[in-house]
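Q: Residue numbers (the working numbering), protein chains in the order written: chain B, 1 to 261; chain P, 1 to 330.
1. Contact between the segment 137-155 of chain P and the segment 220-235 of chain B: three or more CB pairs below 8 angstroms?
2. What first and last residue would you give for the alpha helix (DSSP H) that runs through residue 261 of chain B?
3. Between residue 155 of chain B and chain P, is any beta-carbon pair separated by less than 8 angstroms?
4. Would a check of beta-carbon distances place residue 300 of chain P closer than 8 angstroms to chain B?
5. Hey, does residue 78 of chain B have any beta-carbon neighbour from chain P nearer than 8 angstroms?
6. Can you say whether residue 250 of chain P is buried or exposed, counting buried as having 16 or more other CB atoms within 10 angstroms of its CB?
7. Span of the beta strand (DSSP E) holding residue 121 of chain B?
8. Measure the alpha-carbon distance for residue 28 of chain P versus residue 210 of chain P and round it to whole angstroms.
9. Is residue 204 of chain B helix, strand or coil by DSSP?
10. Considering just the uninterrupted stretch of the beta strand (DSSP E) at residue 63 of chain P, what are its terminal residues?
11. Leaving out five residues before and five after residue 201 of chain B in sequence, what residues of the same chain have Cβ atoms less than 7 angstroms from its Cβ?
12. In chain order, what residues of the same chain have a beta carbon less than 7 angstroms from the beta carbon of residue 246 of chain B, not counting five sequence neighbours either side?
13. Quick one: is residue 13 of chain P buried, meaning 16 or more other Cβ sit within 10 Å of its Cβ, or exposed?
14. Measure the C-alpha to C-alpha separation of residue 109 of chain P and residue 183 of chain P and round it to an integer number of angstroms.
15. When you check each C-beta in the segment 216-228 of chain B against every C-beta of chain P, which residues fall closer than 9 angstroms?
16. Have a look at residue 7 of chain B and residue 161 of chain B and give me their C-alpha separation to the nearest angstrom.
17. Are any of the Cβ atoms in chain B nearer than 8 angstroms to that of residue 22 of chain P?
18. Counting only C-beta atoms, is residue 324 of chain P closer than 8 angstroms to chain B at any point?
19. For residue 278 of chain P, return the contacting residues in chain B, with the cut-off set at a CB-CB distance below 7 angstroms.
20. If you follow the alpha helix (DSSP H) that residue 132 of chain B is part of, which residue opens it and which one closes it?
21. Please report how far the alpha carbon of residue 49 of chain B lies from the alpha carbon of residue 151 of chain B, in whole angstroms.
22. Mark residue 157 of chain B as exposed unless 16 or more other C-beta atoms lie within 10 angstroms of its C-beta, in which case mark it buried.
23. So residue 57 of chain B is in the alpha helix (DSSP H); what residue range does that whole segment cover?
24. Please classify residue 168 of chain P as buried or exposed, where buried requires at least 16 other C-beta atoms within 10 Å of its C-beta.
25. Relative to the alpha-carbon of residue 302 of chain P, which residue among P/280, P/316, P/275 and P/328 has its alpha-carbon at the smallest distance?
26. Starting from the Cα of residue 168 of chain B, find the closest Cα among P/21, P/280, P/261 and P/63 and give me that residue.
27. Below 7 angstroms between beta carbons is the criterion; list the residues of the segment 23-43 of chain B that meet it against any residue of chain A, in chain order.
28. With respect to the beta strand (DSSP E) encompassing residue 97 of chain P, which residues constitute its N-terminal and C-terminal limits?
29. Along the segment 217-241 of chain P, where does the CB come closer than 8 angstroms to a CB of chain B? Name the residues.
30. Can you give the Cα-Cα distance for residue 72 of chain B and residue 20 of chain P, rounded to whole angstroms?
31. Between the alpha carbons of residue 86 of chain P and residue 165 of chain P, how many angstroms are there, rounded?
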C-alpha cells in the first residue's frame with residue numbers, strides 16, 4: 001500500500017503575533033527572521049497517521065510538498081520521522097497560487113507519481129487556514145474524501161475512518177483510493193530516531209518544476225483584497241498583592257464590581 | 001455559469017429540524033440579497049418541515065431536494081445534489097455553514113462548478129461595485145484577518161457558526177417550496193456511513209456558556225484541572241481547554257476552545273495556564289471580559305486579557321474559588 005502525505009512548510013504559527021507584520025502591499029503576512037519555519041501543524045498529524053499505517057500494514061510513505069524555494073533540508077528532517085521517500089515540487093509561480101491552484105499542481109504531481117492508494121493531509125494549513133486543498137484535490141482525482149478525520153484504520157482493502165462532527169463523530173467506510181484530511185488529537189507526531197535520521201540523510205529527493213508536470217500557472221479563484229492585523233487590545237489591568245490569596249480576593253472583588261459574578 | 005442571480009443557502013437538517021447555522025445563513029443571506037435587490041433561496045434535503053422553517057425564516061423560495069439517499073448526510077450524494085440544484089437555480093452567491101459537512105462539500109463543489117470559495121468567513125459584505133460578496137476570515141491561526149473574494153460564478157462561501165444571529169421564523173411568512181428531484185443514477189457509490197455517534201455530554205455546552213474557565217499547558221496534567229472544575233462549580237461555569245491540553249490527553253477534545261475547537265462568547269472567560277496563542281484566542285475573543293491567570297508575566301495572554309493575575313494557579317485558583325463563594329454567600 002502506498003500512502004502519500006502532503007506536507008507544507010510554514011512560519012511557526014505559535015510564534016508571538018508581534019513578530020509578524022503585514023507588508024506594504026497589504027497582501028502578505030511576513031514573519032521576522034527569528035521565527036522558525038516548520039511543518040504545518042495538522043500535516044504532522046497526517047504524517048503520524050501514515051506512519052501508523054506503515055507500522056501496522058507495511059505501507060510505504062511518500063512525502064509530497066509544493067514550495068517556492070529549495071526546502072530539501074526541511075523535507076529530509078521530516079523524512080527522518082520514518083517516511084520512506086519525499087518529492088518536492090519547487091516552482092515559485094506555482095507555489096504562489098491560491099488553494100485551488102495548489103490542488104491542481106498536487107493532482108498533477110500525484111498522477112506523475114502513480115500507484116497511490118491513499119493521500120493524507122492536514123485539515124487546514126497553519127497559514128491559510130483554508131481547508132480547501134485536500135477536498136479539491138480529491139475532486140480532481142475523482143476519489144472519495146473525508147475531512148477532519150480523527151482516526152484511520154485499514155481492514156483489507158477497505159478504509160474505515162472516524163470523522164469529527166458537531167455533536168460527536170461518524171464512522172465511514174470507503175474503497176481505496178481515497179483522500180483524508182486529518183485532525184490532531186490522536187496523532188501526535190513521533191520523534192525522529194537516529195537510524196531514521198541516517199536513512200533520511202541518504203535519501204535523494206527528486207525536485208520537479210512546472211515543466212516536469214506539464215502545467216502552466218493555474219488561474220486564481222480566490223482574490224485577497226486586504227490583509228490586516230486585528231486591533232491591538234487595551235492594556236491588561238494586573239491585580240497585584242502580597243500573596244496569591246490576596247490577589248485572588250482582589251480579583252473576585254473586581255469581578256463582582258463589574259457585575260460578572 | 002454567468003449572470004447568476006440571488007443568494008442560495010445550502011441548509012442542513014437533522015430529523016426534521018433545521019440546523020441553527022442554516023438559520024444564521026438565512027439571516028446573513030437575507031442582508032446580502034436585499035443589498036443586491038435579489039431573491040434569497042434555500043435548498044435542503046429531508047422532510048417538508050425544514051423547508052417550511054427556512055421559508056418562515058425568510059427564504060423566498062426553498063428547493064426541497066428529493067431522493068431517499070440524501071439523508072442521513074453523505075458527501076457522495078450531497079455533492080451531486082448540490083451541484084444539480086445550483087445549476088438549476090443559478091444563484092450569484094452560495095452560502096454553506098463551515099460545519100463538518102460544509103468543510104467536506106464546499107471545496108469539491110467549487111471545483112465541480114469552476115467557482116471560487118472563501119472558507120470560514122466570520123463576516124460577509126456585499127460589494128455593490130463588483131456585485132460580489134467579500135468574506136472576512138482569520139488566517140495564521142487568527143493572527144491576521146483576510147478579506148477575500150471568491151472569483152467566478154457563483155461565489156461560494158462557508159460561514160463560521162455563530163457569526164450571525166439566526167433568523168427568526170415569522171408566523172404567516174412562507175417561501176415557495178419547490179420539490180427538486182435529484183438524479184443520483186450516475187453516482188458511483190464507494191462510501192458507506194456505518195454509524196453516527198453522539199458524544200455530547202448532558203451538561204451545558206461551551207458555546208452557550210455565560211462563564212467559561214479554561215486551562216492550558218500551565219496546568220501540567222489532568223490533575224491540574226481539578227481546581228478549575230471547583231471554580232467552575234462555584235461560578236456555574238463550563239470548563240474548557242487549550243489545544244495543548246487536549247492533544248496531551250489531559251481532557252477530552254469536546255473541551256477544546258480555539259480556531260479548530262469550540263467558539264465561545266461568554267460574558268466572562270478565565271484563562272488559566274494558557275499562553276495566549278492566537279489560535280486559542282480565536283475561540284474566546286468574543287468574550288466580554290477575559291481574565292488571565294498565569295505564572296509567566298510575559299505570556300501573550302496578558303495582551304488579550306482585561307484583568308490578570310501573575311501567579312501560581314495552584315494557589316490563585318482555589319483562593320479565587322473561596323473568595324467567590326464568600327461573596328456569593330454574603
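Think of the CB as a built atom: it goes at the ideal place given N, C-alpha and C, for glycine as much as any other residue. Remember, predicted model here, so these are calculated numbers, not experimental data.
A: The short version:
1. Yes, the segment 137-155 of chain P touches the segment 220-235 of chain B.
2. Residue 261 of chain B -> no alpha helix (DSSP H), and no H or E assigned at all.
3. Not closer than 8 angstroms to any Cβ of chain P, the Cβ of residue 155 of chain B fails to qualify, so no.
4. Answer yes: the Cβ-Cβ gap between residue 300 of chain P and chain B drops below 8 angstroms somewhere.
5. Not a single CB atom of chain P sits nearer than 8 angstroms to the CB of residue 78 of chain B.
6. Buried is the call here.
7. Membership of residue 121 of chain B in the beta strand (DSSP E) is indicated by the continuous run 118-122.
8. Those two C-alpha atoms are separated by around 24 angstroms.
9. Coil, per DSSP.
10. That run of the beta strand (DSSP E) goes 61-66.
11. The residues are 76.
12. Within the same chain, residue 246 of chain B has no close Cβ partners at all.
13. With 16 or more other Cβ atoms from the protein chains shown falling within 10 Å of its own Cβ, residue 13 of chain P counts as buried.
14. Rounded to the nearest angstrom, the two C-alpha atoms are 16 angstroms apart.
15. So the close ones are 219, 220, 221, 222, 223, 224, 225, 226, 227 and 228.
16. When only Cα atoms are considered, residue 7 of chain B and residue 161 of chain B end up about 21 angstroms apart.
17. Taking 8 angstroms as the threshold, the shortest C-beta distance from residue 22 of chain P to chain B does not fall below it.
18. Under the Cβ distance rule, residue 324 of chain P counts among the residues neighbouring chain B, one pair being separated by less than 8 angstroms.
19. The contacting residues are 17.
20. Neither: residue 132 of chain B is in no alpha helix (DSSP H) and is coded neither H nor E.
21. Their Cα atoms are separated by approximately 8 angstroms.
22. Exposure of residue 157 of chain B is indicated by the presence of fewer than 16 other C-beta atoms within 10 angstroms of its C-beta.
23. In this chain, the alpha helix (DSSP H) harbouring residue 57 of chain B covers 41-57.
24. With fewer than 16 other Cβ atoms from the protein chains shown falling within 10 Å of its own Cβ, residue 168 of chain P counts as exposed.
25. In terms of CA proximity to residue 302 of chain P, P/275 leads the group P/280, P/316, P/275 and P/328.
26. The candidate whose alpha carbon is nearest that of residue 168 of chain B is P/261.
27. Any reference to chain A falls outside this structure, whose protein chains are B and P.
28. Under the DSSP assignment, residue 97 of chain P falls in the beta strand (DSSP E) whose first and last residues are 93-97.
29. The residues in question are 235.
30. Going by the C-alpha atoms only, they are around 46 angstroms apart.
31. When rounded, the distance between both Cα atoms is 25 angstroms.
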